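Numbering (our numbering), first residue to last: 11 to 255.
Structure, rendered in structure tokens:
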């Protein structure tokens, strides 16, 4: 199991050392283990810290977060609860974000690196501002854009595609989660809190949902692309192909 000093823990969770201390003072984060004068945090602390950061970003107050976490922990094994927290807050992608400067964006995209296009990329979540730099949250997505641009597709059209994809896949994500909510969570009732016996099952379900959703979307996209490409080829070159002996 990994061990973290406070600065490493804060960096891994995307927050600051000052915030970590505040969360401890508020009773949201368990105290570290002391090894001499050094405070050592575990993966369980990192999982808890990530869920605190995520809940704060969604508008929860410290009091609400404390109440929710206390309800989960009541009569339950802390390690199991933190295992569920980790499963719920783990990123769905294994991509490592990269950082670029404004000058690098201009150098790569030239006249298309306009304030309007940058704002669109920020709004779509392709970029995230961090001080004077930008974080590329999905390098694979940016690389796909590069290749489309290299093939002759203008940047505004690539951003249009990214926007349409985001809208469509937001809907797909909603369908998956609505299905799980309706058929798995709702039968337990609106105020259901998983018991000690149910937490491992819910953790496992969360882990299975990730590859299931990704596989389903990938397979469906492959079928759709095959059909649409056949239609395009027939529309554009059907007469030529039919002339061949």
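Virtual Cβ for every residue (Gly too), placed ideally from N, Cα, C. Note that the structure is predicted; figures quoted are calculated from it, not measured.
Going by C-alpha to C-alpha distance, which of the options sits closest to residue i?
{"i": "residue 34", "options": "117, 59, 47, 44", "result": "59"}
{"i": "residue 45", "options": "119, 200, 16, 36", "result": "16"}
{"i": "residue 70", "options": "233, 232, 38", "result": "38"}
{"i": "residue 14", "options": "245, 36, 57", "result": "57"}
{"i": "residue 333", "options": "141, 28, 104, 159", "result": "Residue numbering for the chain in the displayed model covers 11 to 255; residue 333 lies beyond these limits and cannot be assessed."}
{"i": "residue 186", "options": "222, 31, 235, 245", "result": "222"}
{"i": "residue 78", "options": "192, 184, 165, 201", "result": "201"}
{"i": "residue 163", "options": "211, 119, 113", "result": "119"}
{"i": "residue 166", "options": "112, 210, 125", "result": "125"}
Rounding to the nearest angstrom, what Cα-Cα distance links residue i and residue j in this structure?
{"i": "residue 182", "j": "residue 40", "result": "37 Å"}
{"i": "residue 219", "j": "residue 249", "result": "45 Å"}
{"i": "residue 23", "j": "residue 63", "result": "8 Å"}
{"i": "residue 12", "j": "residue 26", "result": "19 Å"}
{"i": "residue 227", "j": "residue 53", "result": "31 Å"}
{"i": "residue 72", "j": "residue 66", "result": "8 Å"}
{"i": "residue 196", "j": "residue 80", "result": "22 Å"}
{"i": "residue 75", "j": "residue 179", "result": "29 Å"}
{"i": "residue 117", "j": "residue 157", "result": "16 Å"}
{"i": "residue 210", "j": "residue 50", "result": "26 Å"}
{"i": "residue 232", "j": "residue 225", "result": "10 Å"}
Around the C-beta of residue i, are 16 or more other C-beta atoms found within 10 angstroms, so that it is buried, or is it exposed?
{"i": "residue 213", "result": "buried"}
{"i": "residue 42", "result": "buried"}
{"i": "residue 19", "result": "buried"}
{"i": "residue 48", "result": "exposed"}
{"i": "residue 243", "result": "exposed"}
{"i": "residue 198", "result": "exposed"}
{"i": "residue 115", "result": "buried"}
Excluding the five sequence neighbours on either side, which residues of its own chain have a C-beta within less than 8 Å of the C-beta of residue i, listed in chain order?
{"i": "residue 161", "result": "none"}
{"i": "residue 194", "result": "215"}
{"i": "residue 21", "result": "none"}
{"i": "residue 55", "result": "14, 19, 39, 40, 42"}
Here's a check: name, in chain order, each residue in its chain whose Cβ is nearer than 6 Å to the Cβ of residue i, leaving out the five neighbours to either side.
{"i": "residue 9", "result": "In the structure displayed, the chain extends from 11 to 255; residue 9 sits before or after that span and is not available."}
{"i": "residue 155", "result": "168"}
{"i": "residue 36", "result": "72"}
{"i": "residue 137", "result": "131, 144"}
Review point. Below 8 Å, can you find three or more Cβ-Cβ pairs linking the region 129-137 to the region 165-177?
Key: Of all C-beta pairs linking the region 129-137 to the region 165-177, three or more are shorter than 8 Å, placing the two stretches in contact.
Review point. For the 8 Å Cβ check, are there 3 or more pairs between the region 235-246 and the region 200-208?
Key: As far as the Cβ criterion goes, the region 235-246 does not touch the region 200-208, which means the pair count is below three.
Review point. At a cut of 8 Å, does the region 142-151 reach the region 106-122 through at least three beta carbon pairs?
Key: A contact between stretches requires three or more CB pairs, one per stretch, nearer than 8 Å, and the region 142-151 meets this requirement with the region 106-122.
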